[in-house]
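S.K.: If you read the sequences in order, they're chains H and X. Using our numbering, read the first sequence as starting at 1360 and increasing by one per residue. Using our numbering, read the second sequence as starting at 30 and increasing by one per residue. In this text, a Cβ means the ideal position worked out from N, Cα and C, and glycines have one as well. I am attaching a structure below and will ask some questions about it afterwards.
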Amino acid sequence: AQSVTQLDSQVPVFEEAPVELRCNYSSSVSVYLFWYVQYPNQGLQLLLKYLSGSTLVESINGFEAEFNKSQTSFHLRKPSVHISDTAEYFCAVSNPSGGSNYKLTFGKGTLLTVNP
Amino acid sequence: NAGVTQTPKFQVLKTGQSMTLQCAQDMNHEYMSWYRQDPGMGLRLIHYSVGAGITDQGEVPNGYNVSRSTTEDFPLRLLSAAPSQTSVYFCASSYSYNEQFFGPGTRLTVL
């Protein structure tokens, strides 16, 4: 079985400050890792993903995440946040082997609030 | 493409009533799933389907039924609603392990 832990339920920051949202996973097999974002009263959208290859992955709006296998982590970072980044962020993991590779296990989410 | 659509957007039920949450996708995705989202709990998988005629249980299946007669549609049925089923329900679809596409959600209140 696999699990995801998001260490912070809420992260308040000021505009233009850097931010890191932490995610740790537990799995006995190799994994695919995802970050999804949910803006208020909307569904989830994929922000970025790690499947294989380079351990540093980037999104089009300035977020990046680094897969660290030894620490079983996939932390999300942005060097300078905007008010529009206010949203809830979910880390998720799937198992690419066998028939269950479509199933996602989500963390409980981190609410990022960017203040002016 | 409309992507993943869900109806209704909001619903209020009384305990014991039944209803069906509708989900449809027009991307020809084989994989579809239902999640519920509760405060502080993240998203939890209710049921999923890997193709027409094939469904399986997720993490929290009790009180819910699903069927998949076509690739496009994946309805979720509540046979006898309970207050514990008050939640926001999301449907998602995927063509591979690469990414799941989510609908806008249905906010359900059971009184």
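Taking the alpha-carbon positions, what's the Gln-35 (chain X) to Phe-131 (chain X) distance?
M.R.: Using only the alpha carbons, I get a separation of about 10 Å.
S.K.: Considering only C-alpha positions, which residue in the set X:Gln-46, X:Leu-42, X:Phe-39 and X:Ala-53 is nearest to Asn-30 (chain X)?
M.R.: The option with the nearest alpha carbon to Asn-30 (chain X) is X:Ala-53.
S.K.: When the Cα atoms are used, what is the spatial distance from Ser-109 (chain X) to Leu-1380 (chain H)?
M.R.: Going by the C-alpha atoms only, they are around 39 Å apart.
S.K.: List the residues of chain X that Tyr-1409 (chain H) touches, going by C-beta distances under 8 Å, in chain order.
M.R.: By Cβ distance, chain X contributes nothing, its closest Cβ being about 12 Å from Tyr-1409 (chain H), past 8 Å.
S.K.: Step through the CB atoms of chain H and report whether any lies within less than 8 Å of the CB of Thr-123 (chain X).
M.R.: In the sequence under discussion, the amino acid at residue 123 (chain X) is Ser, which differs from the Thr named in the question. True, the Cβ-Cβ gap to chain H drops below 8 Å.
S.K.: Please state whether DSSP places Asp-85 (chain X) in a helix, a strand or coil.
M.R.: Note: Asp-85 (chain X) maps to strand in three-state DSSP.
S.K.: What does DSSP give as the partner residues of Ala-110 (chain X) in its beta bridges?
M.R.: None; Ala-110 (chain X) has no bridge partner.
S.K.: Could you tell me the alpha carbon to alpha carbon distance between Asn-1454 (chain H) and Gln-1397 (chain H), rounded to whole angstroms?
M.R.: Cα to Cα, the separation comes out at about 23 Å.
S.K.: Would you grab the beta carbon distance between Leu-1405 (chain H) and Tyr-1391 (chain H) for me? Rounded to a whole angstrom, and I think it's under 8 Å.
M.R.: Incorrect: roughly 12 Å between the Cβ atoms, too far for contact.
S.K.: Could you tell me the alpha carbon to alpha carbon distance between Val-139 (chain X) and Gln-51 (chain X), rounded to whole angstroms?
M.R.: Distance between the alpha carbons of Val-139 (chain X) and Gln-51 (chain X) is about 17 Å.
S.K.: For Lys-1467 (chain H) versus Ser-1368 (chain H), is the C-beta spacing smaller than 8 Å?
M.R.: Their beta carbons are under 8 Å apart, which means Lys-1467 (chain H) touches Ser-1368 (chain H) by this criterion.
S.K.: Going by DSSP in three states, Asp-1444 (chain H) sits in which element: helix, strand or coil?
M.R.: Note: Asp-1444 (chain H) maps to helix in three-state DSSP.
S.K.: Report all residues from its chain with a CB closer than 6 Å to the CB of Trp-63 (chain X); omit the five preceding and five following residues, and keep chain order.
M.R.: Once the five neighbours on either side are set aside, the close Cβ partners of Trp-63 (chain X) are Ile-75, His-76, Leu-105 and Cys-120.
S.K.: Within 8 Å (strictly less), CB to CB, does Pro-90 (chain X) reach chain H?
M.R.: Not closer than 8 Å to any Cβ of chain H, the Cβ of Pro-90 (chain X) fails to qualify, so no.
S.K.: Would you kindly work out how many angstroms separate the C-alpha atoms of Asp-94 (chain X) and Pro-1377 (chain H), rounded to a whole number?
M.R.: At residue 94 (chain X) the sequence reads Asn, which differs from the Asp that was named. Their backbone Cα atoms lie some 44 Å apart in a straight line.
S.K.: Closer than 7 Å by beta-carbon distance: list the chain X residues that pair up with Gln-1401 (chain H), in chain order.
M.R.: Chain X residues near Gln-1401 (chain H): Pro-133.
S.K.: Using 8 Å as the threshold, is the C-beta distance between Arg-65 (chain X) and Tyr-118 (chain X) below it?
M.R.: Yes, the pair counts as a contact, with Cβ atoms nearer than the cut-off.
S.K.: Taking the alpha carbon of Val-1363 (chain H) as the reference point, which residue from H:Tyr-1448, H:Pro-1475, H:Phe-1422 and H:Asn-1474 has its own alpha carbon closest?
M.R.: Minimum Cα distance to Val-1363 (chain H) is reached at H:Tyr-1448.
S.K.: Report the rounded CA-to-CA distance for Thr-99 (chain X) versus Gly-82 (chain X), giving the unit in angstroms.
M.R.: Straight-line Cα distance between these residues: approximately 8 Å.
S.K.: Can you give the Cα-Cα distance for Glu-128 (chain X) and Ser-1439 (chain H), rounded to whole angstroms?
M.R.: So the alpha carbons of these two residues sit roughly 26 Å apart.
S.K.: So with Cβ pairs under 8 Å, would you call Tyr-1448 (chain H) a contact of chain X?
M.R.: It does not; no Cβ of chain X falls within 8 Å.
S.K.: Please list, in chain order, the residues of the stretch 57-72 of chain X that have any C-beta partner in chain H closer than 7 Å.
M.R.: Of all residues in the stretch 57-72 of chain X, Tyr-60, Gly-69, Met-70, Gly-71 and Leu-72 have a Cβ within less than 7 Å of some Cβ in chain H.
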